[in-house]
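> The sequence shown: position 182 = 950 (my numbering), numbered continuously.
Note that CB positions come from ideal geometry on N, CA and C, so glycine has one too.
As the structure is a computational prediction, the values presented were derived from the model and not from experiment.
After the structure tokens below, expect a handful of questions from me.
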Amino acid sequence: MLGSQTANNFEISYHKTQVNAENNTAALTLPYTNTQQNETIWLRIADTTQSCYKVISFDIEVQSEAVANALKPYELCDDDSDDDATNGKTTFDLTTKHQELLGDQSLDDFAIKFYNTQVEADAATAGTEINTSIQNTTNPQTVFARIENKDNTNCYATTALKLVVNPLPVITSEVTLKQCDTDSDGFIEFNLNEANSLISQNHAQENFTYYETEADAISVVNPIKTPTAYTNQVGINDVVFARIETNKKCYRTAK
């Protein structure tokens, strides 16, 4: 308002209405706390005698501060999407964390971006964002989420997100379980759980379920209900499939 004028030569006051500003009444106490999200304020500038003055209005607006809700670690199982199921790398879709970050905030009002460092997340320099689908470079790896008000990007908050790739179980993909035939008809009960130790050395810390087809084992449908008393369905030689899961729900199948 002053421009090149000297502040000591003028008196400035702020008012709720144009009438108050014109009459130099009901000046606002500073600092001023708004009573509405959007308000019009009238400014009065006058000489020290208050005989010469002008008034002008301006708007003040308060946008909602963004809240970055804490994010749980984003955990996936290793896979062979990069032709290596043991290197601790996979692709993370960061958009799956949007709702957790937003909480009860709306994506219509807030934008979400991800960065490699806290410094980049605070600066929000264009071109430093990382893709919403990324392959981790270390395991674990930490990236940083920034949530900002679309109307005022200075209203923002950040939080860290840990990316974790859990290993698949280490197994022998095909084993043989033999049983003596007591009546020579080619059929007998098997305790399929006896194959657990043949399939995995870490079997005591893993969960085993058995299926008649590999497709069922992958889809987790139609499990064999009595694996400790399973009669083979094909005489002499039959095949079943085990699904082996770690405590992180990472699995492989074995024949």
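1) For Gln818, does the count of other Cβ atoms within 10 angstroms reach 16, so buried, or fall short, so exposed?
2) From Gln773 to Thr785, what distance separates their C-alpha atoms?
3) Which whole-angstrom value describes the C-beta separation of Asp963 and Lys918, a residue pair presumed to lie in contact below a C-beta threshold of 8 Å?
4) Are the beta-carbon atoms belonging to Thr996 and Asn961 less than 7 Å from one another?
5) If you draw a straight line from the alpha carbon of Lys1023 to that of Thr858, how long is it in whole angstroms?
6) Evaluate Lys865 with the Cβ neighbour count: other Cβ atoms within 10 Å of its Cβ, from every protein chain shown; 16 or more gives buried, anything less gives exposed.
7) Check the DSSP bridge columns for Leu811 and list the partner residues they point to.
8) So what's Asn1024 in DSSP terms, helix, strand or just coil?
9) For the candidate residues Thr1021, Lys1017, Gln886 and Pro841, whose alpha-carbon lies nearest to that of Asn907?
10) For the pair the region 918-929 and the region 831-846, tell me if three or more CB-CB distances fall below 8 Å.
11) Which first and last residues belong to the beta strand (DSSP E) in which Asp861 is found?
Once the coordinates are examined:
1) exposed
2) 25 Å
3) As written in the sequence, residue 963 is Ala, which differs from the Asp given in the question. Distance from Ala963 to Lys918 at the Cβ level is roughly 57 Å; contact not present, criterion being Cβ atoms closer than 8 Å.
4) yes
5) 26 Å
6) buried
7) Tyr782 and Ile824
8) It is not possible to answer for residue 1024, since the shown part of the chain is limited to 769 through 1023.
9) Pro841
10) yes
11) First-last of the beta strand (DSSP E) with Asp861: Thr859 to Asp861.
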